[in-house]
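Protein sequences, first through last, are from chains A and B. Reminder that position 173 of the first sequence reads as 168 in the working numbering, one-by-one numbering, no gaps. Reminder that position 188 of the second sequence reads as 823 in the working numbering, one-by-one numbering, no gaps. Just so it is clear, CB atoms sit at the ideal spot from N, CA and C, and this is done for glycine as well. Presented below is the structure to which this report refers.
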Amino acid sequence: MSVHDLRGPVDPRVDRFFDLPPVDVRELKVARSVGQRLWDQSVVRKTVILLLLVVAWEVVARVQNNPLMLPSAMETASALWHGLASGVLLARVSASLSVLLKGFALGAFLALALTTLAVSTRIGRDLLTTLTSMFSPLPAIALLPLALLWFGLGEASLIFVLVHSVLWAMAINIHAGFQGVSETLRMAGRNYGLKGLRYVAFILIPAALPALLAGLKIGWAFAWRTLIAAELVFGASSGKGGLGWYIFQNRNELYTDNVFAGLVVVIVIGLLVENIIFDSVERLTVKRWGMVR
Amino acid sequence: MSIALRKRHVLGEASLDRGAYSPTNTSSAPATPRLAVDNVTLEYRTRQHVVKATQQVSFNVQEGDRFVLLGPSGCGKSTLLKAIAGFLTPAEGSIRLDGNTIHGPGPDRIVVFQEFDQLPPWKTVKQNVMFPLVASRTLGRKAAEQRALKTLEKVGLGRFADAYPHTLSGGMKQRVAIARALAMRPRVLLMDEPFAALDALTRRKMQEELLALWEQEGFTLLFVTHSIEEAQIIGNRVLLLSPHPGRVRAELGCAEDSLHSLGSEATKARTQTIHRLLFENEVAP
């Protein structure tokens, strides 16, 4: 008898059979506690983090006890309240946001156009990769003196540096997203006769939407930073300064609590855009489609 | 002269009755085949080499056929299917659909791929089935929606019309892909190992369903597989391709083999024949 005889020695175990009684449905699903479900909400967790940070700030400020250097959270809140109530802060915010949105939209559009060109032709791809590697490392602020020379003191200069800061970062992201679209999906699209712009619009853009959104987020952050910094450097034109100008002006006059109020507004707008606008867009699109968890 | 005239006549007829299967021209002279692959050599390029995938492959698929390309992995059968779909241009030879040489991909040859990500995740099941109808401008949105729902009923997914693909199982995703292809009523339906990524039980069920759909709809099918059993179950004709480079080893009829005849002597004998034809040149271990 060979060692590998499949029958082997007699198996002493007996066959087993069970009758399965019905299961109580209530045992299958047990409700979780209210606390656990609350903690599942990222809003709750994030609010707790924010509150902790504010408390830490307040404690440090009180220990320091030097409102000129570090105003406390309470003092900042009251400066913020006064700024909002007088309408000055809101005017500054709307001035900043209107420039920001123009620059951001133009930059995003150019990034999409450039990447569409890049996926359509080989020379377009080379153009994109060359331009991004040239200009992406160039700080937008470094271009500001040049922009002032070309476009003068005004919105046009700001929009120019904004487009520069948004465009390259977004183009890199969108292009990476386009390249990551699966070969099968591409072939399916071409199979149905999609070509050119329709192919980009119906296959590539939706399929690359996670990367596109990531690009928009990065672009948004870059635009904010660049704008505030640019306003700090060249200030206001014709009395219509933005938030950066507000911060700069108040620092000159040593209203440190107002400086902090301006910074808090920058932060709050960032938080709102990220957590309300971008989160909703993601929830309605890529998360719903199972492309991102 | 008269032959040329008759051919043109048949061609005109074929283009009128899109998709419907009627077993005509069985007794008279053979009509233009639905799909003619003529001496096709396919090559693909790597950085250093030009690699030959298939060499001078010829076969004809008639209307209503369930034609199977069978061969070991690396024999170029998927490459051949991609060429028929129009994604590759033959280095030599020609591929003709209803007598017209193929230039590029088109909605008259819909492909069902093996990969589950062939379904755009941003479209619901219904929108996925409508997608090629609308994208190729075959139907308007309303008509496309109606046909999509009807086709989804046929593959048993009527209840899932508004679900997103990521919520479906692998078998259901492939059913959506099949429904999407059938809704287009293509001249030939191309399937590239569509069930290979499924578990064995689901695969068996999908084979049964595909055959049932063929009974109902009578489409023309070109099916790629590396499983001898699947080839026999699905196909009425099987083309055997040799390993690298793919050349035609044989073309067999296997219409008698089915899911129910798997144990029968005739089917087993054919399995043996196919096995021998595919593997006789290999060195025994």
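Exercise. Is there contact between the stretch 782 to 795 of chain B and the stretch 696 to 707 of chain B, where contact requires at least three CB pairs shorter than 8 Å?
Worked result: no
For this session: Quickly, what does DSSP pair L677(B) with across the bridge? List them, please.
Result: Stepping through the second sequence from its first residue, residue 677(B) is reached at position 42. The partner list for L677(B) (beta bridge, DSSP) reads T689(B).
Problem set entry | Buried versus exposed call for S233(A) [16 or more other C-beta atoms within 10 Å across all chains shown] | Walking along the first sequence from the start, residue 233(A) turns up at place 238. Reliability of the predicted coordinates at S233(A) is poor, the pLDDT of 49 falling under 50, and the value obtained from them is presented with this limitation in mind. The residue in question, S233(A), is exposed, as its Cβ has fewer than 16 Cβ neighbours within 10 Å.
For this session: Closer than 9 Å by beta-carbon distance: list the chain E residues that pair up with W757(B), in chain order.
Result: No chain E appears in the structure shown, which is made up of the protein chains A and B.
Exercise. If you draw a straight line from the C-alpha of G739(B) to the C-alpha of A718(B), how long is it?
Worked result: On the second sequence, residue 739(B) is found 104 positions in, with the first residue counted as 1. On the second sequence, residue 718(B) is found 83 positions in, with the first residue counted as 1. So the two alpha carbons sit approximately 9 Å from each other.
Exercise. What are the complete alpha helix (DSSP H) segments, minimum 4 residues, inside the stretch 97 to 179 of chain A?
Worked result: 117 to 130, 139 to 146 and 150 to 174
Exercise. Is DSSP giving F748(B) helix, strand or coil here?
Worked result: Along the second sequence, read from residue 1 onward, the residue named residue 748(B) stands at position 113. F748(B): coil per DSSP, three-state reduction.
Exercise. What do you reckon, are the CB atoms on T855(B) and R731(B) nearer than 8 Å?
Worked result: Stepping through the second sequence from its first residue, residue 855(B) is reached at position 220. Stepping through the second sequence from its first residue, residue 731(B) is reached at position 96. No, Cβ-Cβ distance for T855(B) and R731(B) is not below 8 Å.
For this session: Answer with yes or no whether the minimum CB distance from A171(A) to chain B is below 8 Å.
Result: For the purposes of this step, residue 171(A) is taken as residue 176 along the first sequence, with counting starting at 1. Output row for A171(A): interface = no.
For this session: Give every residue of the same chain whose Cβ lies closer than 8 Å to the Cβ of Y679(B), excluding the five residues on either side of it in the sequence, and list them in chain order.
Result: Here residue 679(B) refers to the residue found at position 44 when the second sequence is read from its first residue. Cβ within range, chain order: V685, V686, A688, T714 and L723.
Problem set entry | Closer than 8 Å to chain A by CB, G741(B) | One-based indexing of the second sequence puts residue 741(B) at position 106. Chain A, which has a Cβ nearer than 8 Å to the Cβ of G741(B), makes this yes.
Exercise. Chain B partners of T179(A), CB-CB under 7 Å?
Worked result: For this step, residue 179(A) is matched to residue 184 along the first sequence. Chain B residues near T179(A): F748, E750, D752 and Q753.
Problem set entry | Secondary structure of G711(B), DSSP reduced to three states | Counting from 1 along the second sequence, the entry for residue 711(B) is found at position 76. Residue state, collapsed to three classes: coil.
Exercise. Taking three-plus beta-carbon pairs below 8 Å as touching, is the stretch 902 to 912 of chain B in contact with the stretch 861 to 870 of chain B?
Worked result: yes
Problem set entry | Segment contact, 8 Å Cβ cut-off, at least three pairs: the stretch 219 to 228 of chain A with the stretch 150 to 159 of chain A | yes
For this session: Return helix, strand or coil for S91(A), following the three-state DSSP convention.
Result: For the purposes of this step, residue 91(A) is taken as residue 96 along the first sequence, with counting starting at 1. Correct three-state label for S91(A): helix.
Problem set entry | I730(B) in three-state terms, based on DSSP | Locating residue 730(B) in the second sequence gives position 95, where the first residue counts as 1. I730(B) falls in the strand class under three-state DSSP.
For this session: Please report how far the alpha carbon of Q244(A) lies from the alpha carbon of V254(A), in whole angstroms.
Result: As a first step, residue 244(A) must be located in the first sequence, where it is residue number 249. As a first step, residue 254(A) must be located in the first sequence, where it is residue number 259. Their Cα atoms are separated by approximately 9 Å.
Exercise. Helix, strand or coil for S663(B) per DSSP?
Worked result: Numbered from its first residue, the second sequence carries residue 663(B) at position 28. Model confidence at S663(B) stands at a pLDDT of 49, short of 50, so the residue's coordinates are unreliable and nothing is read from them.
Exercise. Bridge partners of D827(B), per DSSP?
Worked result: The residue given as residue 827(B) occupies position 192 in the second sequence. Bridge partners of D827(B): V859(B).
Problem set entry | Alpha carbon of L143(A) to alpha carbon of S152(A), nearest angstrom | Taking the first sequence and counting its residues from 1, one reaches residue 143(A) at position 148. Taking the first sequence and counting its residues from 1, one reaches residue 152(A) at position 157. Rounded to whole angstroms, L143(A) to S152(A) spans 6 Å at the Cα level.
Exercise. A183(A) CB to nearest chain B CB: under 8 Å?
Worked result: The count along the first sequence starts at 1 and reaches residue 183(A) at position 188. Yes - at least one Cβ of chain B is within 8 Å of the one on A183(A).
For this session: Figure out for me which residue from K282(A), G257(A), I271(A) and L249(A) has the closest Cα to the Cα of S91(A).
Result: The sequence position of residue 91(A) within the first sequence is 96, counting from 1. Minimum Cα distance to S91(A) is reached at G257(A).
Exercise. Along chain A, which residues have their Cβ under 9 Å away from the Cβ of Y799(B)?
Worked result: Working through the second sequence from its first residue, we reach residue 799(B) at position 164. Near Y799(B) (Cβ distances below 9 Å), the residues of chain A are R283, W284 and G285.
Exercise. Comparing the C-beta of P668(B) with each C-beta of chain A, is any distance below 8 Å?
Worked result: Counting from 1 along the second sequence, the entry for residue 668(B) is found at position 33. No, P668(B) does not count as interfacial toward chain A.
Exercise. So which of V161(A), L267(A) and L133(A) has the shortest CA-CA distance to F217(A)?
Worked result: Residue mapping note: residue 217(A) aligns to position 222 of the first sequence, counting from 1. If we check each option's Cα against that of F217(A), V161(A) comes out closest.
For this session: Could you check the C-alpha separation between R820(B) and L138(A) for me, to the nearest Å?
Result: One-based indexing of the second sequence puts residue 820(B) at position 185. One-based indexing of the first sequence puts residue 138(A) at position 143. Going from the Cα of R820(B) to the Cα of L138(A) covers about 58 Å.
Problem set entry | Within chain A, the residues that I745(B) reaches when beta carbons sit closer than 7 Å | The residue you call residue 745(B) lines up with position 110 of the second sequence. In chain order: N186.
Problem set entry | Top-ranked residue by Cα proximity to P742(B), from T221(A), E178(A) and K190(A) | Against the second sequence, residue 742(B) aligns to sequence position 107. When each option's Cα is compared against that of P742(B), the closest is K190(A).
For this session: Taking only runs that begin and end inside the stretch 832 to 910 of chain B, name each unbroken beta strand (DSSP E) of 3 or more residues, in chain order.
Result: 856 to 860, 872 to 876 and 883 to 888
For this session: Check whether the Cβ atoms of A818(B) and T786(B) lie closer than 8 Å to each other.
Result: As a first step, residue 818(B) must be located in the second sequence, where it is residue number 183. As a first step, residue 786(B) must be located in the second sequence, where it is residue number 151. Yes, the pair counts as a contact, with Cβ atoms nearer than the cut-off.
For this session: Measure the alpha-carbon distance for V38(A) versus D274(A) and round it to whole angstroms.
Result: For the purposes of this step, residue 38(A) is taken as the residue at position 43 of the first sequence. For the purposes of this step, residue 274(A) is taken as the residue at position 279 of the first sequence. Cα to Cα, V38(A) sits roughly 11 Å from D274(A).
Exercise. Is the Cβ-Cβ distance between Q842(B) and L894(B) less than 8 Å?
Worked result: Against the second sequence, residue 842(B) aligns to sequence position 207. Against the second sequence, residue 894(B) aligns to sequence position 259. Cβ distance < 8 Å, so Q842(B) and L894(B) count as in contact.
For this session: Under 6 Å Cβ to Cβ from P205(A), same chain only, skipping five residues before and after it: list those, please.
Result: Here residue 205(A) refers to the residue found at position 210 of the first sequence. If we look at P205(A) and ignore the five residues flanking it on each side, its Cβ neighbours are V281, M286 and V287.
Exercise. Using a C-beta to C-beta distance shorter than 7 Å, which residues of chain B count as neighbours of F273(A)?
Worked result: Walking along the first sequence from the start, residue 273(A) turns up at place 278. Going along chain B, no residue has its Cβ under 7 Å from F273(A), so there is no contact; the nearest lies around 17 Å.
Exercise. Whose CA, out of D752(B), T667(B) and R839(B), lies closest to the CA of W284(A)?
Worked result: Position 289 of the first sequence, counted from the start, is the residue given in the question as residue 284(A). Of D752(B), T667(B) and R839(B), the residue nearest in Cα terms is D752(B).
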